[in-house]
Every structure is written in C-alpha cells, then in structure tokens.
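For the sequence shown, full-length UniProt numbering assigns the number 338 to the last residue and increments by one with no breaks. All C-beta atoms, glycine included, are put in the ideal place defined by N, C-alpha and C. Report on the following structure.
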Amino acid sequence: MALNLDGIIGDSPALTQVFKVLGKVAPTDSTVLVTGESGTGKELLVRALHANSSRRGKAFVPINCGAIPKELLESELFGHEKGAFTHAIRTRQGRFELADGGTIFLDEIGEMDLSLQVKILRALQEKEIERVGGTSVKKVDVRVVAATNRELEDEVRAGRFREDLFYRLNVIPLHLPPLRERGNDVLLLAEHFLKGHCSSKGRKPLVLSDKAKEMFLTYSWPGNVRELENFMERLSILCDTDEILPEDLPEKIFLDIGEKPLKRVEETVPMRPAGFEWPTLKDMNDEGFKLKEFLEAIEGRLLAEAMEGAEGVKNKAAELVGIKRTTLIEKLKKRGLL
Ligand SMILES: Nc1ncnc2c1ncn2[C@@H]1O[C@H](COP(=O)(O)OP(=O)(O)OP(=O)(O)O)[C@@H](O)[C@H]1O
Ligand SMILES: [Mg+2]
C-alpha cells in the first residue's frame, strides 16, 4: 500500500530514507523511538506512523512528558482511583487506557523521572497498567511511540535515563535529520509555507530571489522546520515587495553564513532623543502591524536583545527580562529562536 505522508514536505535523500523505514515499521506493532533536534517534525512523523498503521481507526493519544508536572504525570498516564490523593474526587482513566487499541505518543520522554520510567517499562513489557491508588491491573493494547530531542544514550550514561527502558523503546530508531542536512527541502518547505501564509492574508505568494535561496541553503536553521515556518509567516506580513531579497532577511542569517549584514534602513535612522516614549498607535499603524503582531514584535526584539546581552546564557537572559527560564525557552522555541 502506498504510504500516506499527508502534509510532510520534502524529497531529499535524508528524508526519503526516513520514509522508507516508516513504511516498513508503520504496519507493525513495534515500539518506535523518534529522535531529532527541536522543530524537525517529530510529531508530524509520529502522526504519519499512526495514520499508516492498522490502528489508524483508533485513538492517537499524545502526551508531552516534559510539560506536565512530574507529580501529575503518573496519574495522567495511568489514571487514578477515587480518593487516591487529595484532589482525586472521582476515578479517572489515564492516557494509556484512552489509547486502548490505538497509539500513545510519549513526547519528550527524556524529561521523564526515573521513578516513572520503571512504570512505563512495565506497561511496555506486561501490556498492563495500574491506576494510581488502584489495587488491580488492567490489560491494555497500546502501541507506544516515543520522541526526544535529547541524546538518550548520554542520558543513560549520566544515570538520568534507565538503560533497560532505552533499549525497550529503541527497538526501531527513527532519526529525523536536521533541516540543514536536507538540501533543497529548505526551498520546497519555504515555498509551501509562503503559499499558505500569503494566501491566508490574501496576498500573492512571495517568491525567493536567487540570492535569498542561496542564503537559505547555507543558513544552519537551528530551529529547523519550525523556525523556517515562523520566518515565512513573518515575511508574509512584513515583506513589502513580491520578491524576498537579502535585505528582507535578519542579521542573524548573515552572521550565521559568514556574510556581512546589509545596512538596514532602520539602522540609518538616527536614534530618538534620550528619554523613554511609549509607542503610539501611529507607530503601530505606520509599521503595518495589528495589535497582537506589534506586541509580539516588541517582545521578540526584547528577547533577542536579552539573549544577546546574556551571550546566549538562558538563565541570565531570563533574569534580564524578568521571566522564568522555562517561560523564556518556551517563547524562544515558539519563535524558532532555539
Ligand atoms: N517535513 C515537513 N513538512 C511540513 N511541515 C513540517 C515538516 N516538518 C515539520 N513541519 C512543521 O514544523 C512544525 C514543527 O514540527 P513538529 O512539532 O512535528 O516538530 P518536533 O520535532 O516535534 O519539535 P519539538 O522537538 O520542538 O517538539 C510543525 O508546525 C510542523 O507541522
Ligand atoms: Mg514535538
């Protein structure tokens, strides 16, 4: 049967190799561990895995193990009985039970606590789970797919990840190569995102000039596809002409590819006189922003400045803007700056 890769763009040899393994492993019930840098499309790939399996008619249940406080994660995964803890006012099914017959996606598994890792291992080996506060076990028929952007082998060596669970999960490793190793896919993806974002804004799709293409192919894309997508969205709003020229690209790209940044128009405008002034509605309209975009742009500039001031040290940058490190990371990720 032909592989359904709906929405996954790219035909580079690196990605085609991943599709080949996907095609073989999808119809089986094997555990799969998807690795790859942040923003490489791990979640998209796992969804495709489920869509191409015989479980496709059943539930696909994702859970981000890094985003749920560790005290709650066990009950989220395995459910709890009424009265198991103070706020357990009624019995609740966990994600494993909800995924019965289907696939559970344990995202960011590298963030999971060692004590919970034992319980996952048991669920995998025995195909049964126990609710928190429960007294009996329940059989579940769930395919487990996990993903991480950490090097789990390093985590095992450092004693933060159980070796037995690592081997159990890593039956079929699927590694998503970073965008910089996917050659021309960068341009296919850029065109795809430009088309989408421009049409949603009712404008003609922007095209990349030859020089911009060359720069895209050389840039290292540390935030991978997510960074590219966010960047294309930004260009669809901010680019005034129909063609994307080097002057539309941020300094970060020039520095990364070892070229001297072009002198930007805004850099030649003299600084405002000393003394703080709030931006006005006119400033916002003159820049062609709507409120949300304007606030986002201001926040983005402040975050970038803080990261620069802190020389990339996230703790320090978070301190400079007065937010928690985790919030900073979330915001940077969302912007494709991580
Ligand atoms: N090959 C691709 N074709 C089209 N869109 C893609 C592709 N790869 C990723 N994307 C898009 O890029 C964004 C990031 O992808 P995804 O969330 O799957 O990455 P991830 O590896 O899970 O990232 P993270 O490690 O940060 O969780 C999503 O909006 C996704 O739809
Ligand atoms: Mg993800």
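| query | Of all the options Asn-64, Lys-334, Ala-59 and Ala-310, which has the alpha carbon lying nearest to the alpha carbon of Pro-222? | reply | Lys-334
| Whole-angstrom distance between Gly-336 and Thr-218, CA atom to CA atom | Approximately 17 Å, taken between the alpha carbons.
| Among Cys-198, Glu-229 and Leu-187, which residue has its Cα nearest to the Cα of Ser-209? | Ser-209 has its Cα closest to that of Leu-187, out of Cys-198, Glu-229 and Leu-187.
| message | Let me confirm a value: Leu-114 is counted as buried when at least 16 other C-beta atoms fall within 10 Å, else exposed. Which label applies? | response | exposed
| Chain-ordered list of residues that sit, by beta carbon, closer than 6 Å to a heavy atom of ligand 2 | Lys-42, Glu-43 and Asp-107
| request: Kindly indicate the opening and closing residues of the beta strand (DSSP E) around Pro-173. | output: 172 to 175
| request: Return yes when at least one heavy atom of ligand 1 lies under 7 Å from the C-beta of Arg-226, else no. | output: For Arg-226, the shortest C-beta to heavy atom distance toward ligand 1 is below 7 Å.
| message | What does the alpha-carbon distance come out to for the pair Leu-98 and Gln-125? | response | 19 Å
| task | List the whole-angstrom C-beta distance separating Thr-103 from Phe-60, where the pair is believed to meet the contact cut-off of C-beta under 8 Å. | result | 5 Å
| In chain order, what residues of the same chain lie with their CB nearer than 6 Å to the CB of Arg-150, ignoring the 5 residues before and after it? | Gly-110, listed in sequence order.
| query | For ligand 1, any of its heavy atoms closer than 7 Å to the Cβ of Asn-149? | reply | yes
| task | Assign residue 341 to buried or exposed, taking buried as 16 or more other Cβ atoms, counted over all protein chains shown, within 10 Å of its Cβ. | result | What the structure shows of the chain is the stretch from 1 to 338, and residue 341 is not part of that stretch, so it cannot be assessed.
| field | Beta-carbon gap between Asp-256 and Ser-220 smaller than 8 Å | value | yes
| task | Check the DSSP bridge columns for Phe-105 and list the partner residues they point to. | result | In the DSSP assignment, the residues bridged to Phe-105 are Pro-62 and Val-145.
| How big is the Cα-Cα spacing for Lys-314 and Gly-183? | 30 Å
| field | Distance cut-off 7 Å: Glu-111 Cβ against heavy atoms of ligand 3 | value | The model depicted lacks ligand 3 and carries ligand 1 and ligand 2 instead.
| query | Can you tell me the Cα-Cα spacing of Leu-152 and Arg-203, whole angstroms? | reply | 44 Å
| field | Unbroken alpha helix (DSSP H) run spanning Thr-326, endpoints | value | 325 to 334
| field | Rounded separation between Phe-161 and Gln-117 - CA only | value | 8 Å
| message | So, at 7 Å on beta carbons, what are the nonlocal neighbours of Phe-289 in its own chain, with the 5 sequence-adjacent residues on each side left out? | response | So the list reads Ala-297, once near-sequence residues are dropped.
| query | Ala-310 and Ala-304: beta carbons closer than 8 Å? | reply | no
| When DSSP builds the beta bridges, which residues end up paired with Lys-139? | By DSSP's assignment, Lys-139 forms a beta bridge with Glu-128.
| task | Could you tell me which residues DSSP pairs with Leu-33 in its beta bridges? | result | Ala-146 and Pro-173
| said: Quick check on Leu-338: buried or exposed, where buried means 16 or more other Cβ atoms within 10 Å of its Cβ? | reply: buried
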